[in-house]
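A.B. asks: Residue numbers (our numbering), protein chains in the order written: chain A, 8 to 296; chain B, 8 to 296. The following block contains the structure, expressed as structure tokens.
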């Protein structure tokens, strides 16, 4: 039976979202064991408070009395909060006590903890965070990196291209086309980083060259490669479009995305995750084992 | 009488858009002289072809037999295409023969030509291209730079902050708030460029700190400062939203935007300018004298 680790303390709504989310996921799946990382007393109290028909005995618990806050410096969290739900979960994952770990908590701390506890796949300089960009017609583009790597070198973008390509195949996109996000379509355009990256990417499978901001919602490419600064600003802008009449940008539907390039699967949920988003994050985790 | 220079050859639709656009602008304004830069024979033929009630004698003409194509390298254009409509127009502007010049043609060539012929305001390291981000309720945010400066240093972003602040005041925003586009709201977040820029920006008037991609359509700031790479990708993504059900991102309504930080006004129109967009670009030019 596969074991899914869940950070119960993470996310802007904390256990008020994760408890019900975990219960919904339990009822929506079969043959899995959900392992809850967090303050067991709080979790138990919340289960009673909800006064749901929650059966606490279906879960396993790893009691963690410390917590990584959203604003905590990742390096501080890594060093001082080893008993937090995030770091404990990653430790369990590294030891094989769970098969996947998911959290809607502090992304930077999770990323740093994952690199320390889980490690990057050999040959990959930097793991990456991805996001699915909804193109319509149930098609998605894969944008990476979306914030884990604010400063990038060309070799990082090369890795993102490889990771994005593999992930696209994994989710069923045949022969995924990889584009380099740039400010012009011709070779030779862009800032120094993308100019140098272009030369590296030319040798990768299915590289189609530069794409522009206006191509993201179109069908020119399946994988959009960029530095984490650009990707994060784009992603957050996209998410803000939900309230402007474009509901398809609602990240709730998939709940979370894997960090690509790690030796074991870690799923990052959105900070503002609702109960449904937490449920979907858990189901995304199961698919990514 | 104010003299408005128009590049008749620029834009993806060339004179098929500019001839009618200029005529519409002539009929929509008073007490201005429109000076048309381009191949006079072509322009005259197009006027006849349209078989409009166009009176060619209301315009002045500067016959230019060369042309800067969209894909032309700006340095090549600057050196080899001095007799093109863009370079001729900028030369006329520098000599005071026209009061403003507007073009929907090659942005990079116009930018480079403007720096050479017109020059940057003293104390400004790099002029900048701006875009208006529609927030709804007829409010706009000013995003800069949107593509003229792909590689930036902190002092460039400082200049963008100053230029954006002054422009915001000019278009009627009282006490404009300046935000630094970043991947987190706290100081200390971001890539090396924005971290270093933050320190410089702290001393500028009405600096409100970092803003994120999700704040662009909100009311946190009036001026959004970023490097030209990030800004261009965001801008083009925004423009693509028009066809996805968000008509407010249609740039046609203002037709063009000034290059900020030049000694004389140069207006850049969108490459895909329609006749109405050209008309609006000309009217924007008049407002910016």
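Heads up, the beta-carbon is just placed ideally off N, CA and C, and yes, glycines get one too. Just so we're clear, the structure is a prediction, and the values are computed from it rather than from any experiment.
#1: What is the rounded straight-line gap between the Cα of residue 57 of chain A and the Cα of residue 272 of chain A?
#2: Give a yes or no on whether 8 Å exceeds the smallest Cβ distance from residue 247 of chain A to chain B.
#3: Given that a residue counts as buried once 16 or more other Cβ atoms are within 10 Å of its Cβ, and exposed if not, what is residue 99 of chain B?
#4: When burial is assigned at 16 or more other CB atoms within 10 Å of the CB, is residue 295 of chain B buried or exposed?
#5: Strictly under 8 Å for the Cβ-Cβ distance: is residue 251 of chain A near chain B by that measure?
#6: Considering only C-alpha positions, which residue in the set A:152, A:70, A:194 and A:223 is nearest to residue 5 of chain A?
#7: For residue 169 of chain B and residue 156 of chain A, what's the separation of their Cα atoms in angstroms?
#8: How many Å lie between residue 214 of chain B and residue 186 of chain B at the Cα?
#9: With a 10 Å radius around its C-beta and 16 neighbouring C-beta atoms as the bar for buried, classify residue 14 of chain A as buried or exposed.
#10: Let me know the alpha helix (DSSP H) ranges lying completely inside the stretch 211–282 of chain B, each 4 residues or longer, listed in chain order.
#11: Within its chain, find whatever has a CB closer than 6 Å to the CB of residue 203 of chain A; leave out the 5 residues flanking it on each side and keep chain order.
#12: State the Cα-Cα distance for the pair residue 92 of chain A and residue 74 of chain A, rounded to the nearest angstrom.
#13: For residue 213 of chain B, decide whether its Cβ has a neighbour in chain A, counting only Cβ atoms nearer than 8 Å.
#14: Is the beta carbon of residue 26 of chain B closer than 8 Å to that of residue 44 of chain B?
#15: Mind listing the chain A neighbours of residue 157 of chain B? Cutoff is C-beta to C-beta under 7 Å, in chain order.
#16: Counting only beta-carbon separations shorter than 8 Å, does residue 17 of chain B have a partner in chain A?
#17: Is the stretch 70–89 of chain A touching the stretch 232–245 of chain A, taking contact as three or more C-beta pairs under 8 Å?
#18: For residue 141 of chain B, write down the residues that DSSP places opposite it in a beta bridge.
#19: Assuming residue 110 of chain A is part of the beta strand (DSSP E), what are its boundary residues?
#20: Step through the CB atoms of chain B and report whether any lies within less than 8 Å of the CB of residue 243 of chain A.
#21: Given a cut-off of 8 Å on the beta-carbon distance, is the pair residue 136 of chain A and residue 266 of chain A in contact?
#22: If residue 247 of chain A sits next to residue 262 of chain A, beta carbons under 8 Å apart, how far is it from one beta carbon to the other, in whole angstroms?
#23: Please go through the same chain and pick out, in chain order, the residues whose beta-carbon is closer than 6 Å to the beta-carbon of residue 126 of chain B, but skip the five residues on each side of it.
#24: Between the alpha carbons of residue 276 of chain A and residue 176 of chain A, how many angstroms are there, rounded?
#25: Is the stretch 222–233 of chain B touching the stretch 138–154 of chain B in the sense that three or more CB pairs, one from each, lie closer than 8 Å?
#26: For the beta strand (DSSP E) that residue 19 of chain B lies in, which residues bound it at each end?
#27: According to DSSP, is residue 153 of chain A helix, strand or coil?
#28: Using 10 angstroms around the beta-carbon of residue 141 of chain A, count the other beta-carbons present and answer buried if the total reaches 16, otherwise exposed.
#29: Return the residues of the stretch 131–154 of chain A that lie within a Cβ-Cβ distance of less than 8 Å from chain B, sorted by chain order.
#30: Count the other CB atoms, across all protein chains shown, that sit within 10 Å of the CB of residue 107 of chain B; report buried if there are 16 or more and exposed otherwise.
#31: DSSP beta-bridge partners for residue 67 of chain A?
#32: For chain B, check one thing: does any of its Cβ atoms lie closer than 8 Å to the Cβ of residue 47 of chain A?
#33: Provide the residue span of the alpha helix (DSSP H) that contains residue 120 of chain A, from first to last.
#34: Just to confirm, is the Cβ distance from residue 94 of chain B to residue 46 of chain B under 8 Å?
#35: So that I know if they touch, is there some Cβ in chain B lying closer than 8 Å to that of residue 236 of chain A?
#36: Just reading off the alpha helix (DSSP H) that residue 171 of chain B is part of, what are its end residues?
C.D. replies: With the given structure in hand:
#1: 31 Å
#2: yes
#3: buried
#4: buried
#5: yes
#6: Any answer about residue 5 of chain A is impossible in this case: the structure gives chain A only from 8 up to 296.
#7: 29 Å
#8: 6 Å
#9: buried
#10: 235–247
#11: 161
#12: 6 Å
#13: no
#14: no
#15: 190, 197 and 198
#16: no
#17: no
#18: B:147
#19: 107–110
#20: yes
#21: yes
#22: 18 Å between Cβ atoms; not a contact.
#23: 270
#24: 22 Å
#25: yes
#26: That residue, residue 19 of chain B, is in no beta strand (DSSP E); it is neither H nor E in DSSP.
#27: coil
#28: buried
#29: 143 and 154
#30: buried
#31: A:42
#32: no
#33: 114–124
#34: no
#35: yes
#36: 161–177
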